[in-house]
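Below: the structure, in structure tokens.
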Amino acid sequence: MEINDLSRRRFFSELVHKAVEFTLGLEKAKQESERIEDFLSSFDDYPIAGTYPRELFEDEAKKLGIDMDALGEKEAIKLIVQKKMFSNNE
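So the sequence shown is numbered by my numbering: it starts at 2 and just counts up by one.
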């Protein structure tokens with residue numbers, strides 16, 4: 002339907018509907034961002050590097066183009082987890 006075919010009432014109704022959808026989408030993205038931020042902020046409390054062998058992280062780091070030696074093991078693993086979290090949400 003073209004814009005010329007819309008009545009004013011329908012136009013504004015559609016506009017409000019789209020604005021509500023957009024606002025709900027922003028709120029959902031904000032909540033997801035806060036969840037990820039909370040997880041990553043508590044990352045230091047969880048000894049993931051000691052739980053799994055370094056080779057597991059090295060393979061994943063290579064796939065993602067992360068240099069574990071340059072970043073350090075802890076930061077590299079944190080980056081791997083972060084990238085995996087974002088790639089699963091897309």
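Where is the CB? At the ideal position from N, CA and C, for every residue including glycine.
Helix, strand or coil at residue i [DSSP, three-state]
i, result
"I67", "coil"
"S8", "coil"
"G26", "helix"
"G51", "helix"
"M2", "The pLDDT assigned to M2 is 49, lower than 50, so where the model puts this residue is not dependable; a value taken from the coordinates is nonetheless given after this. In this structure, M2 counts as coil in the three-state DSSP scheme."
Anticipated Cβ contact below 8 Å, residue i with residue j, distance rounded
i, j, result
"M86", "I49", "At roughly 13 Å, the Cβ-Cβ gap does not stay under 8 Å, so M86 and I49 are not in contact."
"L65", "K84", "5 Å"
Beta-carbon proximity list for residue i, same chain, < 8 Å, skipping 5 on both sides
i, result
"L41", "K79, V82 and Q83"
"E22", "none"
Proximal residues to residue i (C-beta, below 7 Å), its chain only, five neighbours per side dropped
i, result
"E59", "M69"
"G51", "none"
"I67", "A77, L80 and I81"
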